[in-house]
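Worksheet: one structure, shown below.
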Amino acid sequence: MQTNKPRDVQVLPIGTDTTVMRSRSWTRLRFEIEYALAKGTTANSYLIQGDKIALIDPPGETFTEIYLQALQQRFNVKDIDYVILGHVNPNRAATIKALLELAPQITFVCSNPGAINLRKALENQDLPILVKRGEETLDLGKGHHLEFIPTPNPRYPDQLCTYDPQTEILYSDKLFGAHICGDQVFDEGWESFNEDRRYYFDCLMAPHARQVETALDKLSDLPVRLYATGHGPLVRYGLLELTHAYREWSQQQTSADTTVALIYASAYGNTATLASAIARGITKAGVNVESINCEFADPEEIRTAVEKSAGFIMGSPTLGGHAPTPVQTALGIVLSTAANNKLAGVFGSFGWSGEAVDLIESKLKDAGYRFGFDTIRVKFKPNEVTLQTCEEAGTDFAQALKRATKVRAPRTQAASNVEQAVGRIVGSLCVVTAKQGDVSSGMLASWVSQASFNPPGLTIAVAKDRAMEPLTHSGNQFVVNILAEGKELRKHFMKSFTPGQDRFAGIETQEASNGCPILSGALSYLECSVETRMEAGDHWLVYASVDNGKVLNQDAVTAVHHRKSGSHY
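Numbering (the working numbering), first residue to last: 62 to 630.
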């Protein structure tokens, strides 16, 4: 969904004395896992004009210049009394510094962890800050008596929601958002945003499902008519449905039988981005993640998470040639707590050297732990290929845990009547291939079926834990390569691939008009565009229109997959 539209700021009233300023970009801003759908984003900021004026959540440095221009055109910046921050990260520092130059009278309002991060980001210990722990309010006049609800999680330990009883608007920061850009301010036709909101939840919220449930409990008694989100359309029409969905999605995670403890610290956000991608891979495989930022967690929390987990993964930046003290403390707790039959993993980012990653890896190896994936070392900022590798590593880790804990049925036990009957459904053998940016993937598939004549369309069932899954969202394109009878291509794609491994090494391909690989040895191919998809148990059912296609071998016969049981491929 890339466009050539310039970035801009959309300004509209949304309530009494209340204005939204939506800084918009139609292109992907950063290489982070939650932006992978590449549908752009909006950074939403809000202005409440009571007797005193509060500005809520100014955007990051990507929008600093156009945001301040729009702000100055419509409002007197020198009249702003408060800047309320739902969370603080280094990316937001540039805009905050520019605001302070224009309006040095500003007092900041944030949580206690937010105050620590803000002073660190601005390198200023004397900033005027009102720390809100949940019990204090802020009276702006004209009935705007703001309440504050801390909703921390390991990724955003300083997250703070703000509620205005006058307008019944909840400024929800990261909660309930979506990375999608458009002209629509509110969520009319809210069902059309379901896929984007679910993906956003899976990337950002699922690794912190326990904390999300706590946040939902805190917010449940507020009479809210509008979620003023940090990203995407504001939630008005689908508010009850989205709240219920967040509860349901969180419970899916917390009720999982197997849990992984994901323990990390992050100096500049890069290690946290890697952790998010690994967590995404784990949760999509149906395994729960207990994500722990060891900079803010007490030792008992780490110990408890490690004890109840089936496996653990540790991540660290390297600062001055060492692991940060909180990571070293957490490593000591892990070594003294986790039985060495638990599966382990290590990852980290660094600028010039990666001693912290090497330290953790060597300590765990010396203690006899098995590793669920090869240690991931990333220099500087991760790119989209690195994030895909991290996601695949997380999925492999989860699948290994599930295999280890699965109680296998006796070999003599026959498939049930239903399983035998379902297994008689026959499908052609295909290889689905896709490429988005520098990321490419391919998978063997037999659950492919024609779905419509006009326009020609098909459905394909994609397991949630397949590496291919992130490339099958609405707006994506792929190629269905229909195989001929024979084993060469089939055998190649039946083998296991390591995270990040090139699926097409040694296979002759050509590029389709949509940029995806065509297998030259296929019987025929279809170039497809994803129109929609539906959650179907442990699979996504993807409907795609067929844009182009060709038979490559007129004399060959389509390969068909016969099964005896409907409980596996």
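Where is the CB? At the ideal position from N, CA and C, for every residue including glycine.
Check: Using alpha carbons as the reference points, say which of Leu188, Ala131, Pro174 lies closest to Leu631.; Outcome: No information on residue 631 is available, as it lies outside the stretch 62 to 630 that the chain covers here.
Check: Which residues share a DSSP beta bridge with Pro378?; Outcome: Ser410
Check: May I have the straight-line CA-CA distance separating Val192 from Asn173, to the nearest angstrom?; Outcome: 6 Å
Check: Per DSSP, which one or two residues make a beta bridge with Leu231?; Outcome: Tyr224, Tyr288
Check: Suppose you measure from the CA of Ala270 to the CA of Ala338; what does that come to, to the nearest Å?; Outcome: 15 Å
Check: For Lys426, I'd like the list of residues in its chain whose CB is within less than 6 Å of its CB, leaving aside the five on either flank, ordered along the chain.; Outcome: none
Check: Do the stretch 485 to 495 and the stretch 606 to 626 touch if we need at least three Cβ pairs shorter than 8 Å?; Outcome: yes
Check: For a quick check, are the C-beta atoms of Asn331 and Ser410 less than 8 Å apart?; Outcome: yes
Check: Would you say Glu274 and Thr315 are within 8 Å of each other, going by their C-beta atoms?; Outcome: yes
Check: Figure out for me which residue from Ser84, Asn354, Leu108 has the closest Cα to the Cα of Leu201.; Outcome: Leu108
Check: Can we say the stretch 436 to 450 touches the stretch 490 to 501, given the rule of at least three CB pairs closer than 8 Å?; Outcome: yes
Check: Where does Phe458 fall in DSSP's three states?; Outcome: helix
Check: Based on the DSSP secondary-structure assignment, which residues constitute the bridge partners of Cys589?; Outcome: Phe539, Val607
Check: Out of curiosity, what's the CA-to-CA distance linking Pro67 and Gly406?; Outcome: 42 Å
Check: Look up Ser489 in the DSSP assignment and give the residues it is bridged to.; Outcome: Val621
Check: What runs of the beta strand (DSSP E), each 3 residues or longer, lie entirely inside the stretch 177 to 219?; Outcome: 190 to 192, 198 to 200, 206 to 211
Check: Indicate the three-state DSSP secondary structure (helix, strand or coil) for Thr102 in the structure shown.; Outcome: strand
Check: What does DSSP give as the partner residue(s) for Leu602 in the beta ladder?; Outcome: Ala522, Met595
Check: Per DSSP, Ser311 is paired with what?; Outcome: Ser311 pairs with nothing; no bridge assigned.
Check: Give me the residue from Pro213, Leu580, Val246, Gln227 with the minimum Cα distance to Arg83.; Outcome: Val246
Check: So with Cβ pairs under 8 Å, would you call Arg258 a contact of chain D?; Outcome: Structure shown: chain D not included; a single protein chain is present.
Check: Spatial neighbours of Ile421 within its chain, please: CB distance less than 8 Å, with the 5 preceding and 5 following residues excluded, ordered by chain position.; Outcome: Met375, Ser377, Ala384, Val388, Leu392, Val407, Gly409
Check: Would you call the stretch 85 to 101 and the stretch 129 to 142 touching, i.e. three or more CB-CB distances under 8 Å?; Outcome: no
Check: Rounded to whole angstroms, how far is the Cβ of Val612 from the Cβ of Leu544, which I believe are closer than 8 Å?; Outcome: Incorrect: roughly 13 Å between the Cβ atoms, too far for contact.
Check: In the DSSP assignment, the alpha helix (DSSP H) including Ala131 goes from what residue to what residue?; Outcome: 125 to 135
Check: Within its chain, find whatever has a CB closer than 8 Å to the CB of Glu592; leave out the 5 residues flanking it on each side and keep chain order.; Outcome: Gly518, Ser535, Tyr604, Ala605, Ser606
Check: Between which residues of its own chain and Thr156 is the CB-CB distance below 8 Å, once the five residues before and five after are set aside?; Outcome: Pro119, Pro120, Gly121, Glu122, Phe124, Thr125, Tyr128, Leu129
Check: If we call anything under 8 Å between Cβ atoms a contact, is Leu231 one with Tyr288?; Outcome: yes
Check: According to DSSP, is Arg438 helix, strand or coil?; Outcome: strand
Check: State the beta-bridge partners of Lys496 as determined by DSSP.; Outcome: Ser501
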